[in-house]
Amino acid sequence: MPGRSLFDKVWDEHVVVPETEDAPAVLYIDLHLVHEVTSPQAFNTLRANGLSVRRPDLTLATMDHSTPTVTVGSLQELKVVSEPEAFEQIVQMERNCTDFGLELRGLGSAERGIVHVIGPELGATQPGKTIVCGDSHTSTHGALGALAFGIGTTEVCHVLATQCLLQRKPKTFAVNLVGNLQPGVTAKDIILGLIGQIGVDGGTGHAIEYLGAAASQLSIEERMTICNMAIEGGARTGMFSPDDTTYEYLAGRPLAPAGVDWDAALSHWRELPSDDDAQFDRETALDVSALKPMVTFGTNPGMVIPVDGEIPVLTGDLGFAKALEYMQLEAGQPLAGTPVDIVFIGSCTNSRLSDLRAAAGILQGRKVADGVRALVVPGSAKIKRDAEAEGLPEIFRAAGAEWREPGCSMCLAMNGDIVPPGKLAVSTSNRNFEGRQGKGARTVLASPLTAAASAVNGVVSDPRPLIN
Amino acid sequence: MNPVTRITARTIVLPLEDVDTDQIIPARYLRTTVREGLGENLFADWRYDKDGSEIDGFVLNEPESKGAGILVAGRNFGCGSSREHAPWALIDHGFHAVISTEIADIFSNNSLKNGFLPIIVDEDTHRWLLAHPGIELTLDVEAKELTLPNGKTVGFPIENFSRHCLLNGVDQLGFLMEQANAISSYEAQAR
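If you're matching them up, the sequences are chains W and E in order.
The opening position of the first sequence corresponds to residue 1 in my numbering, with each subsequent residue numbered one higher.
The opening position of the second sequence corresponds to residue 469 in my numbering, with each subsequent residue numbered one higher.
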């Protein structure tokens with residue numbers, strides 16, 4: 001029998017009814033993450049059909065997308081700071097969770113945060129689990145060896161009602177990460193470099209597993225950044241085989257198994273890593289030692305260059321020309337040195353404690369350049385507390401940056417945090433699509449180091465000269 | 469869901485590649501709790517200027533686009549977010565199908581669950597369709613083929629189960645609910 005991949009093993013363990021030519025597999029879901037933006041219509045369908053939530057105990061609900069990141073002490077204050085539609089959505093989420101018996105990590109909860117940040121943080125995300133959410137960045141959870149992918153609202157309803165999904169098995173795609181990262185080059189640069197290499201549709205129809213010596217050296221938070229953006233390469237998901245780094249990360253977390261349950265879980269998890277002779281439908285390699293800090297210059301994450309490089313010249317490509325026109329940038333010119341209006345450090349890609357520490361390392365003892373607005377948004381209430389315990393907000397504030405409440409914030413401009421038209425934002429988030437951060441906003445995706453360095457210099461900047 | 473067996477409609481052409489779901493429906497319009505009404509803001513940022521006036525030259529604003537039901541788009545249509553609001557907006561505007569050489573996975577899944585057809589064709593057919601906007605096409609789900617105005621037919625792939633559901637108006641939630649015994653057995657042995 002040929003070796004099996006992590007993906008194959010997790011998939012096989014969750015097949016309720018096998019796939020046939022005429023029907024997809026019925027796949028069991030171990031953890032369903034629910035948020036306020038992609039669930040209301042699903043709850044409406046449950047109501048209309050008199051259905052209940054099959055497994056409230058396997059459903060984790062929070063609010064992150066349309067919630068404001070300014071401090072609100074009451075519902076009345078929330079109403080004042082929110083636009084009416086966002087407020088209605090938040091109130092509706094509370095009602096839905098009450099009506100269907102779901103525990104909501106709501107605005108007042110000490111465990112609230114971006115859904116893809118709190119899953120791992122609470123220990124709900126575990127190796128070998130199937131995890132879904134009405135959000136394409138669900139792939140983040142693959143960092144711990146889970147099979148995690150984004151779904152639409154109709155499927156959210158399917159999982160609420162049956163805890164199952166109808167799924168065709170995707171193909172598998174091995175990405176071998178080799179070499180050693182150079183100083184100042186981060187996990188974000190790895191994933192931007194990879195998307196630049198395979199293209200924004202390079203992973204379509206595939207589940208990626210990141211393998212290789214460089215993969216095993218990455219921390220869980222770094223793996224999350226890399227899995228998070230698998231979808232930006234078109235892939236259904238991204239995963240890392242679990243290892244001691246994974247188990248150390250999970251031990252002692254509130255929803256992780258404990259005692260004898262931990263021992264049983266651990267022996268199961270140790271069977272999950274891909275076999276040495278596992279077969280993949282596709283393979284590629286990326287030498288991370290050749291990477292530099294990466295920045296996007298266009299309107300999708302595949303339009304990316306090293307920060308000391310030049311924007312390529314590509315004639316006769318309609319989309320490329322449109323992207324540069326939108327970005328107000330010129331082919332053949334460097335991107336470094338372009339004036340910056342806003343710096344956003346946050347999102348499910350880069351809002352964890354290690355990201356905030358990296359940014360603080362650059363900002364400590366320095367100032368955000370005149371005319372630049374810098375926004376630091378922790379991914380969860382816990383990260384906010386942890387950062388406060390080690391004095392990070394003082395560093396951000398002394399530098400002139402704003403320190404906000406947790407949420408998706410400026411990543412997608414539906415909660416009051418918006419990049420104004422025509423302004424250029426260096427952002428640690430995941431999408432530089434036209435208008436993603438606000439109508440007419442121009443986004444440069446980068447690592448927390450590059451974002452912080454750009455805030456200090458007031459122009460798109462290589463962080464390496466600022467690293468002590 | 470109502471059965472979808474055969475669609476005959478006029479095309480419009482949006483040749484850009486990698487059209488993402490943030491273009492199809494920007495995130496600020498996701499602050500809704502219903503499926504209806506999104507068509508008004510389909511491609512909002514390409515369609516309207518900052519004052520809300522229609523932008524000349526965008527295909528949806530052309531008079532001949534009125535009543536078109538099939539969108540012929542560049543490669544990798546619907547990439548990005550999982551928002552089902554994207555097919556909802558296309559449907560609400562009056563579209564029944566999108567045709568391209570490649571369509572993003574989640575968008576494609578979401579589309580099929582709403583009776584909206586994500587149709588993949590070969591490069592030659594695609595090039596021809598891009599070069600001939602405004603023609604009337606027939607998409608036959610039963611026969612898995614589209615018919616060009618000259619009568620020529622071109623096959624397209626469609627996943628068997630989705631096709632069955634489209635043809636018979638099968639609600640996939642109902643199908644899953646019928647698996648209750650298998651799901652209970654799975655839960656009993658897994659825990």
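Ideal placement from N, C-alpha and C gives every residue a C-beta, glycine not left out.
Whether residue i touches residue j by CB criterion (8 Å)
{"i": "residue 102(W)", "j": "residue 59(W)", "result": "yes"}
{"i": "residue 428(W)", "j": "residue 453(W)", "result": "no"}
{"i": "residue 301(W)", "j": "residue 192(W)", "result": "yes"}
{"i": "residue 415(W)", "j": "residue 204(W)", "result": "no"}
{"i": "residue 323(W)", "j": "residue 366(W)", "result": "no"}
{"i": "residue 475(E)", "j": "residue 565(E)", "result": "yes"}
{"i": "residue 133(W)", "j": "residue 150(W)", "result": "yes"}
{"i": "residue 617(E)", "j": "residue 603(E)", "result": "yes"}
{"i": "residue 421(W)", "j": "residue 381(W)", "result": "no"}
{"i": "residue 137(W)", "j": "residue 231(W)", "result": "yes"}
{"i": "residue 410(W)", "j": "residue 375(W)", "result": "yes"}
{"i": "residue 499(E)", "j": "residue 39(W)", "result": "no"}
{"i": "residue 369(W)", "j": "residue 455(W)", "result": "yes"}
{"i": "residue 341(W)", "j": "residue 424(W)", "result": "yes"}
{"i": "residue 61(W)", "j": "residue 97(W)", "result": "yes"}
{"i": "residue 560(E)", "j": "residue 504(E)", "result": "yes"}
Residue i at chain E interface by Cβ criterion, 8 Å
{"i": "residue 344(W)", "result": "no"}
{"i": "residue 164(W)", "result": "yes"}
{"i": "residue 238(W)", "result": "no"}
{"i": "residue 158(W)", "result": "yes"}
{"i": "residue 385(W)", "result": "no"}
{"i": "residue 23(W)", "result": "yes"}
{"i": "residue 434(W)", "result": "yes"}
{"i": "residue 79(W)", "result": "no"}
{"i": "residue 322(W)", "result": "yes"}
{"i": "residue 390(W)", "result": "no"}
{"i": "residue 264(W)", "result": "no"}
{"i": "residue 150(W)", "result": "yes"}
Chain-order list of residues whose beta-carbon lies under 7 Å from that of residue i (same chain, five-residue window excluded)
{"i": "residue 583(E)", "result": "469, 470, 472 and 634"}
{"i": "residue 547(E)", "result": "486, 488 and 572"}
{"i": "residue 332(W)", "result": "310, 311 and 313"}
{"i": "residue 623(E)", "result": "612 and 613"}
Residue nearest to residue i in terms of C-alpha spacing, selected from the options
{"i": "residue 475(W)", "options": "110(W), 301(W), 193(W) and 188(W)", "result": "Here chain W covers residues 1 to 468 and nothing more, so residue 475(W) does not appear."}
{"i": "residue 2(W)", "options": "175(W), 279(W) and 208(W)", "result": "279(W)"}
{"i": "residue 537(E)", "options": "627(E), 641(E) and 478(E)", "result": "478(E)"}
{"i": "residue 257(W)", "options": "164(W), 386(W) and 127(W)", "result": "127(W)"}
{"i": "residue 485(E)", "options": "541(E), 523(E), 519(E) and 525(E)", "result": "541(E)"}
{"i": "residue 436(W)", "options": "448(W), 419(W), 449(W) and 151(W)", "result": "419(W)"}
{"i": "residue 87(W)", "options": "496(E), 526(E), 529(E) and 518(E)", "result": "496(E)"}
{"i": "residue 170(W)", "options": "298(W), 112(W) and 12(W)", "result": "12(W)"}
{"i": "residue 386(W)", "options": "461(W), 421(W), 369(W) and 355(W)", "result": "355(W)"}
{"i": "residue 221(W)", "options": "262(W), 155(W), 353(W) and 47(W)", "result": "353(W)"}
{"i": "residue 543(E)", "options": "597(E), 631(E), 483(E) and 550(E)", "result": "483(E)"}
{"i": "residue 299(W)", "options": "270(W), 384(W) and 318(W)", "result": "318(W)"}
{"i": "residue 285(W)", "options": "268(W), 35(W), 197(W) and 183(W)", "result": "197(W)"}
Proximal residues to residue i (C-beta, below 6 Å), its chain only, five neighbours per side dropped
{"i": "residue 142(W)", "result": "148, 227, 237, 238 and 239"}
{"i": "residue 287(W)", "result": "178 and 179"}
{"i": "residue 578(E)", "result": "552 and 555"}
{"i": "residue 130(W)", "result": "14, 29, 30 and 147"}
{"i": "residue 339(W)", "result": "459"}
Neighbour flag for residue i against chain W, beta carbons, 8 Å
{"i": "residue 657(E)", "result": "no"}
{"i": "residue 502(E)", "result": "yes"}
{"i": "residue 541(E)", "result": "no"}
{"i": "residue 612(E)", "result": "no"}
{"i": "residue 550(E)", "result": "yes"}
{"i": "residue 534(E)", "result": "no"}
{"i": "residue 629(E)", "result": "yes"}
{"i": "residue 644(E)", "result": "yes"}
{"i": "residue 508(E)", "result": "no"}
{"i": "residue 650(E)", "result": "yes"}
Same chain only: Cβ atoms within 8 Å of residue i, ignoring 5 sequence neighbours per side
{"i": "residue 209(W)", "result": "5, 6, 7, 172, 173, 174, 175, 238, 239, 240, 241, 274 and 280"}
{"i": "residue 395(W)", "result": "360, 363 and 364"}
{"i": "residue 512(E)", "result": "493, 494 and 497"}
{"i": "residue 100(W)", "result": "43, 46, 52, 53, 56 and 160"}
{"i": "residue 654(E)", "result": "none"}
#### Entry: Three-pair Cβ contact test at 8 Å for the segment 353 to 362 of chain W versus the segment 458 to 468 of chain W
yes
### Task
Determine, using beta-carbon pairs with one atom in the segment 153 to 162 of chain W and one in the segment 40 to 53 of chain W, whether at least three such pairs fall under 8 Å.
yes
### Query
When the Cβ atoms of the segment 524 to 531 of chain E are set against those of the segment 106 to 117 of chain W, are three or more pairs found closer than 8 Å?
no
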